[in-house]
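Chains as they are written, first to last, in the numbering used here: chain A, 448 to 537; chain B, 432 to 639. All residues carry an ideal CB built from backbone N, CA and C; glycine is no exception. Single-structure report; data block below.
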């Protein structure tokens with residue numbers, strides 16, 4: 448899959464599961480905007496920023512795609528997670 | 432059945448972001464959260480205030496309210512933290528995660544002093560939320576973070592162990608106990624009395 452983002456053209460989209468029909472809390476484009484904003488406010492290097500954008504996308508997609516040991520013991524949706532696991536999480 | 436189980440135990444996108452933020456910043460096992468409570472708040476109350484007079488000193492320096500001692504204030508602090516993490520918007524979760532990773536990504540050997548890195552992240556996060564940062568329209572040139580934040584720390588660490596002889600870096604003839612190493616630097620950032628010793632270039636205490 449090839450797309451053009453604000454960070455430039457890319458021919459690889461990690462984990463396409465992170466898409467609007469899955470009720471994502473934040474889109475890949477919004478993620479990139481956040482990174483760009485921070486980079487401009489603090490003077491981070493753009494190559495480093497691109498690396499971190501990719502790694503965040505990878506981590507989110509990975510959690511979405513594969514089983515999680517943290518959640519597997521819970522098997523519940525977010526509201527229930529908040530009730531029963533918040534104390535453990537934070 | 433196995434397939435059903437596997438599907439149920441997969442995360443929703445919101446959970447993925449929530450747990451990722453918890454891993455790095457807000458969660459029980461996140462180094463940042465540990466640092467936050469060790470250096471900023473009354474964690475020392477858990478072992479008795481008398482063991483940490485520096486904390487009291489810091490409080491009086493800060494002019495903050497003197498709360499009743501004991502585990503109660505720690506409980507309050509923990510609850511405040513949990514509520515803050517729980518109520519944080521998904522946008523802010525990602526923003527904090529991004530900022531931490533950006534600070535970490537260019538940190539070089541400052542990564543060997545993770546508590547110092549926590550301190551850098553805290554300063555950056557506080558600055559980001561300040562009107563000073565939000566009202567600023569021009570962008571900061573690329574490389575400023577590396578030049579002004581990481582490089583001075585890197586040079587300090589390097590000069591502790593190395594000196595220049597005939598244009599080359601050579602190991603200093605210096606005993607371990609004469610060198611300010613990674614662990615010593617970490618220790619400064621781990622305790623409130625260490626943070627209280629940080630002085631800015633114009634001789635103003637950082638904590639103030």
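Next on the checklist: Any C-beta of chain B within less than 9 Å: which residues of the stretch 483-505 of chain A qualify?
Outcome noted: 484, 485, 486, 487, 488, 489, 490, 491, 492, 493, 495, 496, 498, 499, 500, 502 and 503
Checklist entry - From residue 572 of chain B to residue 543 of chain B, what distance separates their C-alpha atoms? => result By 1-based counting over the second chain, the position of residue 572 of chain B is 141. By 1-based counting over the second chain, the position of residue 543 of chain B is 112. When rounded, the distance between both Cα atoms is 26 Å.
Next on the checklist: I want to verify the contact list: residues of chain A whose CB lies under 7 Å from the CB of residue 559 of chain B, in sequence order.
Outcome noted: Residue 559 of chain B sits at position 128 when you count from the first residue of the second chain. Within chain A, the C-beta atoms nearer than 7 Å to that of residue 559 of chain B come from 488, in chain order.
Checklist entry - Pick from A/511, A/463 and A/502: whose alpha carbon is nearest that of residue 372 of chain B? => result Lying before the first or after the last residue shown, residue 372 of chain B is absent from chain B, which here runs from 432 to 639.
Checklist entry - What residues from chain A crowd round residue 512 of chain B, counting only those whose CB sits closer than 8 Å? => result Start at 1 with the first residue of the second chain, and residue 512 of chain B comes out as number 81. Chain A residues near residue 512 of chain B: 537.
Item to check | Cut-off 7 Å between Cβ atoms - residues of its own chain near residue 448 of chain B, not counting five sequence neighbours on either side | outcome: Residue mapping note: residue 448 of chain B aligns to position 17 of the second chain, counting from 1. Once the five neighbours on either side are set aside, the close Cβ partners of residue 448 of chain B are 521, 524 and 525.
Checklist entry - At which residue ranges does the stretch 510-541 of chain B contain complete alpha helix (DSSP H) runs of 4 or more residues, listed in the order of the chain? => result Counting only runs of 4 or more, we get 521-536.
Item to check | the stretch 473-483 of chain A contacting the stretch 455-464 of chain B, beta-carbon criterion three pairs below 8 Å | outcome: no
Next on the checklist: Any beta carbon from chain B within less than 8 Å of residue 463 of chain A's own beta carbon?
Outcome noted: Within the first chain, residue 463 of chain A is the residue found at index 16, counting from 1. With 8 Å as the cut-off, residue 463 of chain A does not count as an interface residue toward chain B.
Item to check | Below-8 Å beta-carbon distance, residue 592 of chain B vs any chain A residue | outcome: Within the second chain, the letter at position 161 stands for residue 592 of chain B. Look at residue 592 of chain B: its C-beta is not under 8 Å from any C-beta on chain A.
Next on the checklist: Just to check my reading of the structure: residue 491 of chain A and residue 559 of chain B have Cβ atoms closer than 8 Å, yes? What is that Cβ distance to the nearest angstrom?
Outcome noted: Sequence index remark: in the first chain, residue 491 of chain A carries index 44 (1-based). Sequence index remark: in the second chain, residue 559 of chain B carries index 128 (1-based). Wrong, their Cβ atoms sit about 12 Å apart, outside the cutoff.
Checklist entry - Can you check whether the CB of residue 477 of chain A is closer than 8 Å to the CB of residue 500 of chain A? => result Looking up residue 500 of chain A in the first chain gives position 53. Looking up residue 477 of chain A in the first chain gives position 30. Result no, Cβ atoms of residue 500 of chain A and residue 477 of chain A do not sit closer than 8 Å.
Item to check | Classification of residue 587 of chain B by the beta-carbon crowding that lies within 10 angstroms, buried from 16 upward | outcome: In the second chain, residue 587 of chain B corresponds to position 156, counting from 1. Its Cβ having fewer than 16 others within 10 Å, residue 587 of chain B is exposed.
Checklist entry - Hey, out of B/554, B/596, B/503 and B/529, whose CA is closest to residue 580 of chain B's CA? => result Taking the first residue of the second chain as 1, we reach residue 580 of chain B at position 149. It is B/554.
Checklist entry - Which of helix, strand or coil does DSSP assign to residue 455 of chain B? => result Walking along the second chain from the start, residue 455 of chain B turns up at place 24. Correct three-state label for residue 455 of chain B: helix.
Checklist entry - Given a threshold of 16 other Cβ atoms within 10 Å of its Cβ, counted over all protein chains shown, does residue 595 of chain B qualify as buried or as exposed? => result For this step, residue 595 of chain B is matched to residue 164 along the second chain. That one is exposed.
Checklist entry - Does the distance from the C-beta atom of residue 534 of chain B to that of residue 551 of chain B stay below 8 Å? => result Mapped onto the second chain, residue 534 of chain B falls at position 103. Mapped onto the second chain, residue 551 of chain B falls at position 120. Taking 8 Å as the Cβ cut-off, residue 534 of chain B and residue 551 of chain B qualify as a contacting pair.
Item to check | Below-8 Å beta-carbon distance, residue 571 of chain B vs any chain A residue | outcome: The residue given as residue 571 of chain B occupies position 140 in the second chain. True, the Cβ-Cβ gap to chain A drops below 8 Å.
Item to check | Amino acids of chain A, ordered along the chain, whose beta-carbon sits closer than 7 Å to that of residue 568 of chain B | outcome: The sequence position of residue 568 of chain B within the second chain is 137, counting from 1. Those within 7 Å of residue 568 of chain B in chain A number zero; the least Cβ separation is about 10 Å.
Checklist entry - Is the beta carbon of residue 452 of chain B sitting closer than 8 Å to the one on residue 528 of chain B? => result Position 21 of the second chain holds residue 452 of chain B. Position 97 of the second chain holds residue 528 of chain B. Yes, the pair counts as a contact, with Cβ atoms nearer than the cut-off.
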